[in-house]
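Heads up: the first sequence is residues 75 to 458, going by this note's numbering. We put the beta carbon where it would ideally sit given N, CA and C, even for glycine.
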Amino acid sequence: MIGNGDNMNFSYELKHVCAQTGARYGVLHTPHGDVETPMFMPVGTLATVKYLSPEELLGAGSGVILSNTYHLWLRPGPNVIATMGGLHRFMNYPGPILTDSGGFQVFSLSEKRKITEEGVEFRSHLNGDRLFLSPEKSIELQNAFGADIIMSFDECPAYPSTYEYMKQSVERTLRWAKRGQDAHQNPNQALFGIVQGGDYEGLRSLSAQSLAEMDFPGYSIGGTSVGEDKPTMYRMIDYSVRYLPTNKPRYLMGVGSIDAILEGVARGIDMFDCVLPTRIARHGALMTSQGRVNIRDAQYEMDERPIDPECDCETCKHYSRAYLRHLYKCEEGFGKRLLSLHNIRFLIRLTEQIRQAIQEDRFGDFHADLVRRYGFDQPGSRGF
RNA sequence: GGAGGGGUAGCGAAGUGGCCAAACGCAGAUGACUGUAAAUCAUUUCCCAUCGGGUUCGGCGGUUCAAAUCCGUCCCCCUCCA
75 MIGNGDNMNF SYELKHVCAQ TGARYGVLHT PHGDVETPMF MPVGTLATVK
125 YLSPEELLGA GSGVILSNTY HLWLRPGPNV IATMGGLHRF MNYPGPILTD
175 SGGFQVFSLS EKRKITEEGV EFRSHLNGDR LFLSPEKSIE LQNAFGADII
225 MSFDECPAYP STYEYMKQSV ERTLRWAKRG QDAHQNPNQA LFGIVQGGDY
275 EGLRSLSAQS LAEMDFPGYS IGGTSVGEDK PTMYRMIDYS VRYLPTNKPR
325 YLMGVGSIDA ILEGVARGID MFDCVLPTRI ARHGALMTSQ GRVNIRDAQY
375 EMDERPIDPE CDCETCKHYS RAYLRHLYKC EEGFGKRLLS LHNIRFLIRL
425 TEQIRQAIQE DRFGDFHADL VRRYGFDQPG SRGF
């Protein structure tokens with residue numbers, strides 16, 4: 075069996091734990107290079123981070139980027155990607171790539187689905203085709219795509235779910251993880267197990283401990299950012315992390331708001347991914363050191379300042395809010411590109427600062443400063 | 001000069017006696033977006049205001065319990081004929 079915790083082509087090196095907090099600084103060694111953690115991974119569902127070129131992503135300091143098994147399965151299909159030399163060559167991204175298993179799509183975009191022990195039957199969102207995804211099928215697809223890091227096929231249950239439902243779901247997802255592990259054959263791909271269990275500590279610990287016993291090269295925390303409030307999410311993270319081995323990376327799936335990244339890092343999370351920065355950028359919302367900026371707002375009509383005076387991204391170096399607002403209102407693609415680039419760079423730079431702070435044993439102070447700056451501790455704050 | 005059509009909120013456009021402060025689209029304003037079915041979604045745009053009230057449908061004058069809707073008249077626009 076290949077793809078277990080001793081995978082020779084992939085490893086995690088824990089370099090330093092912040093003396094103030096449980097935050098970890100580490101390095102992920104992958105077949106496509108080493109990347110430092112904690113890190114933020116931009117999402118490129120369809121083998122493209124919408125509007126951004128790989129060159130721009132790398133310029134913004136990207137390490138790992140994501141793509142999606144379900145979407146690539148439907149288009150262009152595994153044969154095309156495999157024939158074209160795998161995902162890296164196909165999309166011309168030289169760095170590490172991670173693919174999600176498709177589990178999330180099955181549970182997020184198909185209301186009529188049938189879950190059985192074997193897998194999930196559901197409908198294509200494109201044409202209604204009857205589809206069937208199983209742990210083995212997901213691995214087979216991900217093997218064909220060739221990402222450096224791949225995910226177990228899991229169920230991402232709704233929040234809230236009853237304890238009874240969550241229990242049987244968690245147990246089945248564990249069995250699926252084992253099946254995926256058995257099916258996985260590519261030594262250049264690290265298969266992560268995914269912790270589920272909602273906000274039930276007993277189920278989170280069952281999930282995490284069982285996965286840890288299976289010895290994966292990394293562990294994902296799933297089932298978060300599905301409608302629960304922030305304190306609940308943080309509790310879910312606590313319930314999961316405390317049962318995971320310290321010598322393997324922890325990936326908090328689908329989390330990318332500033333406050334949640336900070337809280338995750340404080341709890342020992344190493345990897346984050348999220349569509350948030352790119353999606354809200356396309357919709358005109360920017361993450362800045364001063365707080366959130368909606369570039370469409372009339373107050374920026376003649377504002378010659380950059381989005382964020384503290385930002386070093388190409389957008390902030392060269393373009394005014396007034397121009398970006400103009401592009402946004404005219405629905406110009408160039409505007410979406412510039413705004414996406416800024417938000418991506420903002421989060422990546424945030425993680426650079428986080429890594430620095432951890433290495434200097436001051437992440438607690440760094441975190442507290444940002445909480446104060448953004449008012450995350452103020453009543454009514456939703457974070458962002 | 002003759003015949004016909006038309007003037008509705010920032011623009012376009014429904015409505016042709018009461019359920020109309022007036023559909024809908026655009027434009028404007030504000031907010032949202034968390035393992036991407038997302039260039040999407042929500043709210044809002046006559047005036048004052050919390051309920052609620054006050055002024056609107058080219059102008060003026062009528063009919064009616066009630067008019068954007070019916071009548072008279074005036075102004076303006078478009079098409080065709082001379």
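{"Query": "Do the segment 102-111 and the segment 393-408 meet, that is, are 3 or more Cβ pairs less than 8 Å apart?", "Result": "no"}
{"Query": "Report the partner residues of residue 347 according to the DSSP bridge assignment.", "Result": "115"}
{"Query": "Report yes if the C-beta distance between residue 143 and residue 176 is below 8 Å; otherwise report no.", "Result": "yes"}
{"Query": "Could you pull out every residue in the same chain whose Cβ sits closer than 6 Å to the Cβ of residue 466, ignoring the five residues on either side in sequence?", "Result": "Outside the shown range of the chain, which is 75 to 458, sits residue 466, and nothing can be said about it."}
{"Query": "May I ask you to list the residues that DSSP assigns as paired with residue 99?", "Result": "90"}
{"Query": "Rounded to a whole number of angstroms, what is the C-alpha to C-alpha distance between residue 139 and residue 170?", "Result": "7 Å"}
{"Query": "Which of helix, strand or coil does DSSP assign to residue 271?", "Result": "coil"}
{"Query": "Is the beta carbon of residue 255 closer than 8 Å to that of residue 248?", "Result": "no"}
{"Query": "Are there any heavy atoms of the ligand PLP lying less than 7 Å away from the beta-carbon of residue 266, as far as the coordinates show?", "Result": "In the structure on display, the ligand PLP does not appear, and there are no ligands present to speak of."}
{"Query": "Can you tell me the Cβ-Cβ gap for residue 95 and residue 450, rounded? I've got them flagged as a contact below 8 Å.", "Result": "Not really, about 16 Å apart at Cβ, beyond 8 Å."}
{"Query": "Determine, using beta-carbon pairs with one atom in the segment 272-282 and one in the segment 308-325, whether at least three such pairs fall under 8 Å.", "Result": "yes"}
{"Query": "If I measure Cβ to Cβ from residue 299 and keep anything under 6 Å in the same chain, skipping five residues before and after, which residues do I get?", "Result": "328 and 329"}
{"Query": "Under 8 Å Cβ to Cβ from residue 76, same chain only, skipping five residues before and after it: list those, please.", "Result": "Any answer about residue 76 is weak, because its pLDDT of 41 lies below 50 and its placement is not dependable; what the coordinates show is given next. Answer for residue 76: 258, 259, 260 and 261, listed in chain order."}
{"Query": "Taking the C-alpha atoms as reference points, what is the distance between residue 215 and residue 146?", "Result": "9 Å"}
{"Query": "Count the CB pairs spanning the segment 340-347 and the segment 369-389 that are closer than 8 Å, and state whether there are at least three.", "Result": "no"}
{"Query": "Taking 8 Å as the threshold (C-beta atoms), are residue 119 and residue 141 in contact?", "Result": "yes"}
{"Query": "Since residue 292 and residue 281 should fall inside the 8 Å C-beta cutoff, what is the C-beta to C-beta distance between them, to a whole number of angstroms?", "Result": "Incorrect: roughly 15 Å between the Cβ atoms, too far for contact."}
{"Query": "Would you report the Cα separation of residue 364 and residue 324, rounded to the nearest angstrom?", "Result": "30 Å"}
{"Query": "Kindly identify the DSSP beta-bridge partner or partners of residue 174.", "Result": "142"}
{"Query": "Ignoring anything shorter than 4 residues, give me the alpha helix (DSSP H) runs that lie fully in the segment 375-449, in order along the chain.", "Result": "388-392, 395-403, 407-433 and 437-448"}
{"Query": "What does the Cβ neighbour count give for residue 371, buried or exposed, with the cut at 16 atoms within 10 Å?", "Result": "exposed"}
{"Query": "Can you give the beta carbon distance from residue 417 to residue 340, rounded, assuming they're within the 8 Å contact cut?", "Result": "That pair is no contact at about 22 Å."}
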